[in-house]
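Structure first, then comments.
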Amino acid sequence: MPERPHTAPARLAIVGASSLLGQELGRLLRDTPLGFRDPLLLENAAEPQVEQTADSRRLSLFADEAMIFDEPSPDKFQDLDLVFFCGPEPQTRRYFTMARNGARFLVDLTGALQSELTDPSALLFGPVSLPQQPSPRTRLVVIANPAVQALATLLLAASACGPLRASTATVFDAASQRGHAGMNELQQQSSNLLALKPLPTRIFGKQIAFNLCAELGSEAQPGLRELLDRLGQQLRALLAGSAPLPAMQLLQGPFFHGQVISLCLQFEAASAAPGAARLTEALSSGMILHGDGAPDVVLATGQDAPLIGAVQPDALAPNTFWVFCALDNLRLNALRAIAAASALLQLDRSLTQ
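According to the working numbering, the residues represented by the sequence shown are 1065 to 1417, in order.
Structure (structure tokens):
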């Protein structure tokens, strides 16, 4: 593909621009200091958020403004600097090869391209506490799940305080992890339950409203087990032996937005275990310490870092502490995607100067 002047604004596209992730990314891109042109917005015609126009293009809101959306096609990806993937996982996989053949760099916010990480040109991008730089051969960046980013940060900080004997993490997912469709189904389930009407289950395969689920129906793709395996692979790769891996469980929460983590840390011995105050101070690095009780997903909404509360000693087990963490999954995902894109484009500019 032809090279562009290194001073020219970057040419971007967002596949799945009408999605919740795409909308959050668009709002944050407006405030980024790097030189980005207005992105090309790509979306399937079947998406209900996008209204058809007379010339086959479509009109929808993007970052709170009415914008024109185009159908993805090979010519749309030609000579782009970077493509963000924000839509449903099947859509990301469908257009991956098409985008790779036309664009210089790809950033996947959905996790759908995790299997591509075996390629030397692919990079898993984690939290701020694990600064990663793309190499000159990097073309694809997969953004780690926001809950994995928070866990990696907490576990590394805890390990620096003393030798960990074991840890256990329970991650609670929100409906927004499955986009507009998940949010809409939770809202419809909540309304229909109160009205004693049948519940829609096309997305989750079962009732999640006013419920807490360790597994979902077969309609839910990917299922919780597949997602948990993905989280585990990401966490193993990010920690790379620097901290012991936790036992993990993934539950589907009945809330619309955000992610919650309950993390238990058990240290080897009383002589090696830090006190709760020292552990709180250590774990709050890279986090926002919520000083007034435990955080929650409402408080975490719109925050640029995960929230944690003061570390609590376990009531029964010695040398054992609990950490409660809440985060804005969409915002943290989009922020790390912009950081990855910035790193890719800065490296590319430095190599072409």
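Note that CB positions come from ideal geometry on N, CA and C, so glycine has one too.
Delimiting residues of the alpha helix (DSSP H) encompassing residue i
i	result
Ala-1214	1210 to 1225
Ser-1254	1243 to 1258
Ser-1316	One detail in the question is off: residue 1316 reads as Gln in this sequence, not Ser. Taken as a continuous stretch (DSSP letters only), Gln-1316 belongs to no alpha helix (DSSP H), being part of the beta strand (DSSP E) at 1311 to 1316.
Phe-1133	Per DSSP, Phe-1133 belongs to no alpha helix (DSSP H); it is in the beta strand (DSSP E), 1129 to 1133.
Phe-1160	1153 to 1166
Arg-1091	1084 to 1093
Leu-1363	1361 to 1364
Residue i to residue j span [Cα, whole Å]
i	j	result
Met-1131	Arg-1122	8 Å
Leu-1415	Ala-1176	29 Å
Leu-1215	Ala-1221	10 Å
Leu-1250	Lys-1270	10 Å
Ala-1233	Leu-1092	30 Å
Ser-1406	Arg-1229	38 Å
Leu-1084	Ala-1333	45 Å
Asp-1095	Asn-1383	44 Å
Cys-1150	Ala-1379	42 Å
Val-1192	Gly-1243	25 Å
Ala-1404	Leu-1258	44 Å
Met-1351	Pro-1359	12 Å
Pro-1152	Gly-1080	7 Å
Phe-1126	Thr-1265	28 Å
Ala-1224	Leu-1347	10 Å
Contacting residues, own chain, Cβ-Cβ under 6 Å from residue i (five flanking each side not counted)
i	result
Thr-1117	Low local confidence applies: a pLDDT of 48 at Thr-1117 is under 50, so the model's placement there is unreliable, with the coordinate-based value given in what follows. The answer, listed in chain order, is Leu-1123.
Val-1375	Ala-1340, Leu-1343, Thr-1344, Phe-1385, Val-1387
Ala-1167	Phe-1141, Leu-1144, Val-1147
Own chain residues within Cβ distance below 7 Å of residue i, not counting five before or after
i	result
Ala-1401	Leu-1089, Phe-1148, Val-1171, Leu-1173, Ile-1207
Leu-1399	Leu-1092, Asp-1368
Arg-1363	In the sequence as presented, Arg is not what sits at residue 1363; that position holds Leu. Same-chain partners within the cutoff: His-1354, Leu-1371, Ala-1390.
Ser-1349	Ala-1221
For residue i, the first and last residue of its enclosing beta strand (DSSP E)
i	result
Gln-1330	1323 to 1331
Ile-1207	1204 to 1207
Ser-1406	First-last for Ser-1406: 1393 to 1416, but that is the alpha helix (DSSP H), not the beta strand (DSSP E).
Leu-1194	No beta strand (DSSP E) contains Leu-1194, which DSSP labels as neither H nor E.
Asp-1199	At residue 1199 the sequence reads Ser, which differs from the Asp that was named. Neither: Ser-1199 is in no beta strand (DSSP E) and is coded neither H nor E.
Collapsed DSSP secondary structure at residue i in the structure displayed
i	result
Met-1351	coil
Leu-1105	strand
Gln-1178	helix
Val-1171	strand
Leu-1027	This structure gives no information on residue 1027, because the portion of the chain shown stretches from 1065 to 1417.
Leu-1371	strand
Asp-1237	strand
Gln-1285	coil
Pro-1138	helix
Val-1114	Caution is warranted here: a pLDDT of 48 is assigned to Val-1114, below 50, making its placement in the model unreliable, and the coordinate value is therefore given only provisionally. Three-state DSSP puts Val-1114 in coil, outside helix and strand.
Ala-1304	coil
Any non-hydrogen atom of the ligand PLP within 7 Å of residue i CB
i	result
Leu-1295	This structure does not include the ligand PLP; it has no bound ligands of any sort.
Beta-bridge partners of residue i, as assigned by DSSP
i	result
Thr-1384	Gln-1330
Leu-1188	Val-1206
Ile-1078	Leu-1105, Phe-1148
Arg-1266	The partner list for Arg-1266 (beta bridge, DSSP) is empty, contrary to what the question assumes.
Pro-1377	Phe-1385
Residue-level contact to chain C via CB, residue i, 8 Å cutoff
i	result
Leu-1380	Going by chain labels, chain C is absent from the structure shown, which holds only one protein chain.
Close beta carbons around residue i, own chain, < 8 Å, minus the five adjacent residues each side
i	result
Pro-1184	Arg-1201
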